[in-house]
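Colleague: Just so you know, the working numbering puts 144 at position 144 of the sequence shown, and the rest follows in order with no gaps.
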Amino acid sequence: MDEETVNQFIDKLEPNEKLQWSGKPYSGIHFEIKNFENKLSNNIVPFVILLGLLAIFKAFNFFTDLGFVILIICTFAFPLATELINEIFIQPLIRKYTFYAISNQRIIFLSRFITSNNKSINLNSIKQIRLHLYKNGKGTIQLDSGNEHHWTEKIRISKNYYLLQKNRGPKLELVDDASRVYDFIKELQWKMNKEG
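#1: Between E17 and N104, which are expected to be in contact by the criterion C-beta below 8 Å, what is the C-beta distance as a whole number of angstroms?
#2: Among I107, A81, G52, whose alpha-carbon lies nearest the alpha-carbon of L123?
#3: Near K186, what residues of its chain come up, given a Cβ to Cβ distance below 6 Å and the 5 sequence neighbours on each side ignored?
#4: Going by CA-CA distance only, name the one from F113, F109, Y182 that's closest to P92.
#5: Which residue comes first and which comes last in the alpha helix (DSSP H) that contains Q8?
#6: Under a Cβ-count criterion, where at least 16 other Cβ atoms within 10 Å of its own Cβ denotes burial, should L164 be classed as buried or exposed?
#7: How big is the Cα-Cα spacing for E87 and P25?
#8: Return the chain-ordered list of same chain residues with a C-beta closer than 6 Å to the C-beta of Q8, the five sequence neighbours on each side being excluded.
#9: Leaving out the 5 sequence neighbours to the left and right, which residues in its chain are closer than 7 Å to H30 when beta-carbon positions are compared?
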């Protein structure tokens, strides 16, 4: 545990709580093709609808041929550019100001990006833990307390457009030595169940 990360959680602990582990996510650029494709497909839907409407206008000769080709290129280039900006600049910046801690009672998530945001989940309320490991040893640990909805739900984006996404619990994203952290959480849960 490095001192900078530990200092973030000193005032967040209850009197009978002891800090067992703390860490930060990887703050560099991280591309995962599967997630990138999902995000891109969610972003491209409104632009494809717009392209369809514009194709109708093209049929009535409202655009020149060159203007329509440029419009098609922009329809696909804009969502791609926004997603690349998100993955290259915004996500690394968010991860830079994110901290994780595991105490003997709960897992604490702290984000200091723009505003301070704290979340925690009790170890004994976690029903399922999933580990997604990358080749470099980093990984993401997805936590499920059983309160989250596991079906696809509609999230309203605008008056007529809904984004479909799965609602999942919190996660320890891109942590170093993720398999060791995963095993540590399971061990703490086992100890709590044995004592309780």
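Every residue gets a Cβ at the ideal spot worked out from N, C-alpha and C, and that includes glycine.
Modeller: Concretely, from the data shown:
#1: Sure, about 6 Å apart at Cβ, within 8 Å.
#2: The option with the nearest alpha carbon to L123 is I107.
#3: There are no such residues.
#4: Of the listed residues, the one whose Cα sits closest to P92 is F113.
#5: 3 to 9 is the span of the alpha helix (DSSP H), which, as asked, contains Q8.
#6: Note that L164 has pLDDT 48, beneath the 50 cutoff, so the model's placement of it is unreliable and the number below is only indicative. Under this definition L164 is an exposed residue.
#7: The alpha-carbon atoms of E87 and P25 are separated by roughly 14 Å.
#8: Excluding residues within five positions, the ones whose Cβ falls inside 6 Å are F99, L110.
#9: Once the five neighbours on either side are set aside, the close Cβ partners of H30 are L174.
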